[in-house]
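The listed protein sequences correspond, in order, to chains S and V.
For my numbering, add 1 to where a residue sits in the first sequence, where the first one is 1.
For my numbering, add 1 to where a residue sits in the second sequence, where the first one is 1.
Shown next, in structure tokens, is the structure this report addresses.
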Amino acid sequence: MTDSKGYMDTKPGVITKKDLNKVALRTMLINASFNYERMQAIGFTYSLLPVINKVHTNEADKQTALHNHLNFINCHTYVISLILGISAAMEERKENPELIKSVKVALMGPLAGLGDSMIWFTIMPILAGIGVSFAMDGNILGPIFFILAFNIVENLVRFGFVHWGYSLGVGVIDRLKDISEKVVRSASILGMTVIGALIASYVSLSTKLTITAGKAKVALQADLFDKIMPCMLPLLYTLFIFWLIRKKKASPILLIALTVVFSLVGVYFKVF
Amino acid sequence: MSIAQALLIALIAGLAGVDYYMEVFQTYRPLVLGTIIGIAMGDVKTGLMIGATFELMWMGLMPIGGAQPPNMVIGTVIGVVFAIASHEGASTAIGIGVPFSILMQGIITLIYTVFSMFMPIADGFADKNKTKGIEGIQFGALAIVFICYFLVAFLPIYLGADKAQFIVSLLPTWVVDGLTVAGGIMPAIGFAILLNTMFKMEYVIFLALGFIFVAYGNLPILAVSAIAACIAVYDYYIYHQKKEVIAVAEEEDYHDGL
């Protein structure tokens, strides 16, 4: 796919509130086939199907859209609704698939960070904490309160964010209609920066090796790698995988198998 | 314990496990799941109390970015079942539950790995516009997750804690530790694939920038995104202004030539 190649049929489709609710309902299965290769890719495509099926009557365009959404994505399991809403608006207006992809990549990192800190690390502990305090006294209202309160918050986010994202998308796209090529550049800058940040945040790999030189013991990780560049091993490993994909056309399955063997051998010889 | 009761508890574990995989109804939280197991075994109060204790242990532990914490569903189910059966307190429940929760953590990492095989299948469905196939993958995957949780809960309950723990202890620690390390590295593959689809040499400096902010600066993703947004907006004005200036200049050259 190149920057300029858009959909063949550029006549806008029509998305109703009902379609958006279908998308929101489907986000419940966003993690169903979660995997290390492209994480929530199938779940995202599955969730957006009501929109894709309705908007793309041209078979070739539908195929383009399906492949485009089967790209890697990983975000918080219901804050991701916002990205689905925006994607729905962009598909409806037949925006360039390249732009849709860039916008998704640019948004997933920040929204995952927001969702994890707001939902998992703030709302969850507060509601569960209240539930636990009841339960410790033997009161069965504890778990009942927790599950009701949490599900209300969760579904407000899940459904609300799809609609919010859609109207956000519609408003922004109409203004940006003629400059989508320029926006791809900005979204790419944002996306690339976020990928760099994600590598340092979420890939973890460190070595337990020590080098004994006479009486001096040097712990490779703490005394050398962390001094030069923290997260050096995660970066090197990611770049190594990237090189295998780009230059050697290695298949993801092979890379995953390689990573498992690499970890097992490393732990067996006490390197990690 | 009767087979019927063991099957019922395994069924609950399977459903809660699927819920945990999807993070939807929160029936997998120890507070809720402990209570449900308590009801199934006829001792609500013990289930409730141990569930609450486990909840505090697992609070703030959610799978983030594909990295797995020790599995709270299996830990809670096994812990509560044996605490109720043996009339022991929460500390015994933790002692029995935790080894199984670590075992399940390894199994989930394997599931995440094996589920990658769905990607080429989904690509194939996309080639033929078979959207029903993509929907089918989702439900097939959930069925596999259900079966895994069902078996891991059923076997120790059916065999009894002693035999089950002996079997777990036979598993070499380097295998479980190795899978944990693999789980930590795995996101690298997703990021590398993503990088491959986005890659252009002129954007590499931004990749470096994002990495540096987190590695050296320990900034949260949200802060890095905000900085990146500022740069993107700045670039937007500078880059396109420059282009216009060049375009105008070229036009002037043309006029001069005349």
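Yeah, the Cβ is synthetic: ideal placement off N, Cα and C, and Gly gets one too.
*Tell me, please, which residues DSSP counts as bridged to I212(S).*
V219(S), per the DSSP bridge assignment.
*Three-way DSSP call (helix, strand, coil) for M9(S) in this model*: coil
_Counterpart residues of N72(S) in DSSP-defined beta bridges_ = Per DSSP, none; premise fails for N72(S).
*Name the residue from F155(V), M199(V), E56(V) whose alpha carbon lies nearest to the alpha carbon of A129(S).*
Closest in C-alpha terms to A129(S), from the list F155(V), M199(V), E56(V), comes E56(V).
*asked:* Determine whether the beta carbon atoms of A154(V) and I75(V) lie at a separation below 8 Å.
replied: yes
*Along the chain, which unbroken stretches of the alpha helix (DSSP H) at least 4 residues long are found entirely within the segment 121–176 of chain S?*
125–137
*Using a Cβ-Cβ distance under 8 Å, would I200(S) count as near chain V?*
Any Cβ of chain V closer than 8 Å to the Cβ of I200(S) would place that residue at the interface, and such an atom is present.
*Along chain V, which residues have their Cβ under 7 Å away from the Cβ of Y37(S)?*
The contacting residues are G67, Y113, T114, S117, M187, I190, G191.
*asked:* Rounded to the nearest angstrom, what separates K19(S) and A25(S) at their Cα positions?
replied: 10 Å
*Compare the C-beta of C76(S) with all C-beta atoms of chain V and state if any pair is closer than 8 Å.*
Closer than 8 Å: no.
*Figure out for me which residue from L30(S), F273(S), L85(S), G114(S) has the closest Cα to the Cα of T208(S).*
Per the Cα distances, F273(S).
_Span of the alpha helix (DSSP H) around D1(V)_ = No answer is possible for residue 1(V): the residues shown for chain V start at 2 and end at 259.
*Check the Cβ of T198(V) against every Cβ in chain S and list those closer than 8 Å, keeping chain order.*
The answer, in chain order, is N72, F73, K102.
*Verify whether the separation of the beta carbon atoms of D124(V) and S187(S) is less than 8 Å.*
no
*Compare the C-beta of K164(V) with all C-beta atoms of chain S and state if any pair is closer than 8 Å.*
no
*Compute the Euclidean distance between the alpha carbons of I101(S) and G191(V), then round it to the nearest angstrom.*
Between I101(S) and G191(V), the C-alpha separation is close to 19 Å.
*Grab me the residues of A113(S)'s own chain with a C-beta within less than 6 Å of its C-beta, minus the 5 sequence neighbours each way, in chain order.*
C76, H77.
*Coil, strand or helix - N36(S) by DSSP*: strand
_Considering only their Cβ atoms, is the gap separating A224(V) from V261(S) smaller than 8 Å?_
no
*Would the beta-carbon of V80(S) fall within 8 Å of that of F162(S)?*
Contact: yes.
*Could you work out which residues of chain S lie near T36(V), taking near to mean beta carbons separated by less than 9 Å?*
Those within 9 Å of T36(V) in chain S are A136, I141, G143, P144, I145.
*Is there at least one Cβ from chain V nearer than 8 Å to G172(S)'s Cβ?*
So no, G172(S) is outside the interface.
*What are the boundary residues of the alpha helix (DSSP H) that N59(S) is part of?*
Per DSSP, N59(S) lies in no alpha helix (DSSP H) segment and is marked neither H nor E.
*Is the segment 122–141 of chain V touching the segment 189–203 of chain V in the sense that three or more CB pairs, one from each, lie closer than 8 Å?*
Contact annotation: the segment 189–203 of chain V does not touch the segment 122–141 of chain V, with fewer than three C-beta pairs closer than 8 Å.
*In three-state terms, what does DSSP make of H88(V)?*
coil
*asked:* I want to see whether chain A comes within less than 8 Å of V225(V), judged by CB atoms only; does it?
replied: As a matter of chain content, chain A is missing from the structure shown, whose protein chains are S and V.
_Taking 8 Å as the threshold (beta carbon to beta carbon), is K12(S) in contact with chain V?_
Chain V contact via Cβ: absent.
*Taking the alpha carbon of S103(S) as the point to measure from, which residue in R94(S), I246(S), S88(S) has its own alpha carbon closest?*
S88(S)
*Between the CA atoms of P98(S) and V52(S) - distance to the nearest angstrom*: 14 Å
*Span separating the alpha-carbon of T77(V) from that of F101(V)*: Spanning the two alpha carbons is a distance of roughly 10 Å.
_Closer than 7 Å between beta carbons: that is the criterion. Which residues of the segment 203–235 of chain S meet it against chain V?_
Y203, V204, S205, L206, M230, P231, C232, P235
*asked:* Give me the residue from A7(V), T174(V), A84(V) with the minimum Cα distance to G96(V).
replied: Residue A84(V) is the option with its Cα nearest to G96(V).
*Please name the residue, chosen from S48(S), G110(S), K271(S), that lies closest to T174(V) on a Cα-to-Cα basis.*
K271(S)
*Amino acids of chain S, ordered along the chain, whose beta-carbon sits closer than 7 Å to that of K46(V)*: G139
_Pick from A127(V), G52(V), M73(V) that is closest to G90(V), judged by C-alpha positions_ = G52(V)
*Which residues, in order along the segment 199–214 of chain V, keep a beta-carbon less than 8 Å from a beta-carbon of chain S?*
M199, F200, K201, Y204, V205, F207, L208, A209, L210, G211, F212, I213, F214
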